[in-house]
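Colleague: Our numbering applies: residue 1 is where the sequence shown begins, and numbers increase by one.
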Amino acid sequence: MGQFFDEIPNFLITWLEQQQMFWTATAPLSGSGHVNLSPKCTRGTFHIVNPRKVWYEDMSGSGVETISHLKEPGNGRITVLFHAFGGPPRICRLFGTGTVYEYGTPEYNEFIPKNRLPGSRAVIVVDVHKVGTSCGYAIPFYEFKSHRNQLLQWAQNKESTDNEFLEEYNEPSSKGLYSYWKENNARSIDGIPGLDSKTFNAAISPFKTGVFSYNSDDKSMATSRGTGSLANFLGTNGILDSKFLTGVVLGVLATSMLVRYV
């Protein structure tokens, strides 16, 4: 049986914080525009301020639909969806109005004064005006294994490239994250403005991120203040998928055997 609330009830707060992912749904005001639905990882990115306000750290991606729709004048509509993959079934929707604080703005720095994730491009704040729950009986069971780390590794590589160029040439690299934002995150697929290059251009400086240690057993991630190179990021303080490491080892063994017998 579905229920609606004017704010996030106490019994949902802990449950929301325990989920491993969520979805955001937005749409442009134009009826012919594309409705967008984006999956998001909750690993240290989703935060509940109070029963009527939540925010999440928005990561770099190939598109910029959510940001564009929220920044569109007169728009700002957003629905955040959670549902249970394990345990008792449940679906929860947070209906609200979203505000975008891009990387380089004072508001972004207030929300993320340290321990910024590699590739973090904005803070999305949602003022919740309605909460809906439903049964979730049709949702299948899934067992959570671990989060994927490729995005963080890719972003750390982009940021390291920018940092090296800024140190040597006093400008970011054409292959770094700043250039990626300009080329891929400037407009939505409907042409609505996304990330504002003037904002992060004014803040161009070496990226500062945390050094991360990921424990796949307890499915948590600890962070500490630091910059570090990509090599350090992927080293003892880094995070790597076990399957990725297994593939590397098997590849090395196969290559050595091939060289041995050729």
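For every residue, glycine included, the Cβ atom is placed at its ideal position computed from N, Cα and C.
(1) Entirely within the region 81–165 and at least 3 residues each: give me those beta strand (DSSP E) ranges in chain order.
(2) On the premise that L81 lies in contact with F11, defined as a C-beta separation below 8 Å, what is that separation, rounded to the nearest angstrom?
(3) Between R77, I204, F46, which lies nearest to K130 when the distance is taken from Cα to Cα?
(4) Tell me whether the beta-carbon of V126 lies closer than 7 Å to the beta-carbon of V54.
(5) Identify every residue that forms a DSSP beta bridge with S38.
(6) Am I right that C92 and L16 are in contact with their C-beta atoms under 8 Å? What's the rounded C-beta distance?
(7) Suppose the cutoff is 6 Å on Cβ atoms and the five residues either side in sequence are ignored; what does the same chain contact list for K182 look like?
(8) Of all the options R52, Y56, E65, which has the alpha carbon lying nearest to the alpha carbon of A25?
(9) Could you check if S160 is buried or exposed, using at least 16 other CB atoms within 10 Å of its CB as the buried criterion?
(10) May I ask which residues mark the beginning and end of the beta strand (DSSP E) holding K53?
(11) For Q3, which residues from the same chain have a beta carbon less than 6 Å from its beta carbon, with the 5 sequence-adjacent residues on both sides left out?
(12) State the DSSP-derived secondary structure class of N185, mapped to helix, strand or coil.
(13) Which same chain residues, not among the five before or five after T97, have their C-beta less than 8 Å away from its C-beta?
(14) Assign D218 to buried or exposed, taking buried as 16 or more other Cβ atoms, counted over all protein chains shown, within 10 Å of its Cβ.
(15) Excluding five sequence neighbours on each side, which residues of the same chain lie with their C-beta closer than 6 Å to the C-beta of L152?
(16) Rounded to whole angstroms, what is the Cα-Cα separation between F268 and S173?
(17) Return no unless some Cβ of chain B is closer than 7 Å to the Cβ of N170.
(18) Quick check on the burial criterion: 16 or more other C-beta atoms within 10 angstroms. Buried or exposed for E72?
(19) On a CA-only basis, which of I139, Y103, E7, A155 is nearest R90? Give me that one, please.
(20) DSSP beta-bridge partners for T79?
(21) Does I13 come out as helix, strand or coil in the three-state DSSP assignment?
(22) For N50, report the span of its beta strand (DSSP E) as first-last.
(23) Nearest to H147 by CA position, among R43, D6, P9, is which residue?
(24) If you reduce the DSSP assignment to three classes, tell me which class F5 lands in.
Modeller: Well, looking at it:
(1) Secondary structure remark: continuous beta strand (DSSP E) runs of at least 3 residues inside the region 81–165, in chain order: 91–102, 120–134.
(2) On the sequence shown, residue 11 is found 11 positions in, with the first residue counted as 1. On the sequence shown, residue 81 is found 81 positions in, with the first residue counted as 1. Actually they are not in contact, since the Cβ atoms of F11 and L81 sit about 18 Å apart, beyond 8 Å.
(3) Position 130 of the sequence shown, counted from the first residue, corresponds to residue 130. For the set R77, I204, F46, the Cα lying nearest the Cα of K130 is the one of R77.
(4) Looking up residue 126 in the sequence shown gives position 126. Looking up residue 54 in the sequence shown gives position 54. Yes, the pair counts as a contact, with Cβ atoms nearer than the cut-off.
(5) As a first step, residue 38 must be located in the sequence shown, where it is residue number 38. Note: S38 sits in a beta bridge opposite T24.
(6) By 1-based counting over the sequence shown, the position of residue 92 is 92. By 1-based counting over the sequence shown, the position of residue 16 is 16. About 7 Å separates the two Cβ atoms, so the contact holds.
(7) Residue 182 sits at position 182 when you count from the first residue of the sequence shown. Sequence-distant Cβ neighbours of K182 in its own chain, meaning closer than 6 Å and more than five residues away, are S197.
(8) For the purposes of this step, residue 25 is taken as residue 25 along the sequence shown, with counting starting at 1. Of all alpha-carbon atoms in R52, Y56, E65, the one lying nearest the alpha-carbon of A25 is that of E65.
(9) Numbered from 1 along the sequence shown, position 160 holds the residue referred to as residue 160. Per the 10 Å Cβ criterion, buried.
(10) Numbered from its first residue, the sequence shown carries residue 53 at position 53. Judged by DSSP secondary structure, K53 falls within the beta strand (DSSP E) whose first and last residues are 53–59.
(11) For the purposes of this step, residue 3 is identified with residue 3 of the sequence shown, where counting begins at 1. Closer than 6 Å at the Cβ level, and outside the excluded window around Q3, lie T133.
(12) Residue mapping note: residue 185 aligns to position 185 of the sequence shown, counting from 1. In the three-state reduction of the DSSP assignment, N185 falls in the coil class, being assigned neither a helical nor a strand state.
(13) Taking the first residue of the sequence shown as 1, we reach residue 97 at position 97. Closer than 8 Å at Cβ, skipping near neighbours: G76, R77, I78, V126, D127, H129.
(14) For this step, residue 218 is matched to residue 218 along the sequence shown. Here the model assigns D218 a pLDDT of 40, short of 50, so the residue's position is not dependable, and the following value carries that caveat. Around the beta carbon of D218, fewer than 16 other beta carbons sit within 10 angstroms, so the residue counts as exposed.
(15) Residue 152 sits at position 152 when you count from the first residue of the sequence shown. So the qualifying residues of the chain are P118.
(16) It is not possible to answer for residue 268, since the shown part of the chain is limited to 1 through 262.
(17) Any reference to chain B falls outside this structure, which holds one protein chain only.
(18) If you number the sequence shown from 1, residue 72 lands on position 72. Under this definition E72 is a buried residue.
(19) Looking up residue 90 in the sequence shown gives position 90. Put simply, of I139, Y103, E7, A155 the residue whose alpha carbon is nearest the alpha carbon of R90 is I139.
(20) Indexing the sequence shown from 1 puts residue 79 at position 79. T79 pairs with A25, F95.
(21) By 1-based counting over the sequence shown, the position of residue 13 is 13. Here DSSP, grouped into helix, strand and coil, assigns I13 to helix.
(22) The sequence position of residue 50 within the sequence shown is 50, counting from 1. Where N50 is concerned, the enclosing beta strand (DSSP E) stretches over 46–50.
(23) Stepping through the sequence shown from its first residue, residue 147 is reached at position 147. For the residues R43, D6, P9, the minimum Cα distance to H147 belongs to R43.
(24) One-based indexing of the sequence shown puts residue 5 at position 5. Looking at F5 - three-state DSSP - the assignment turns out to be strand.
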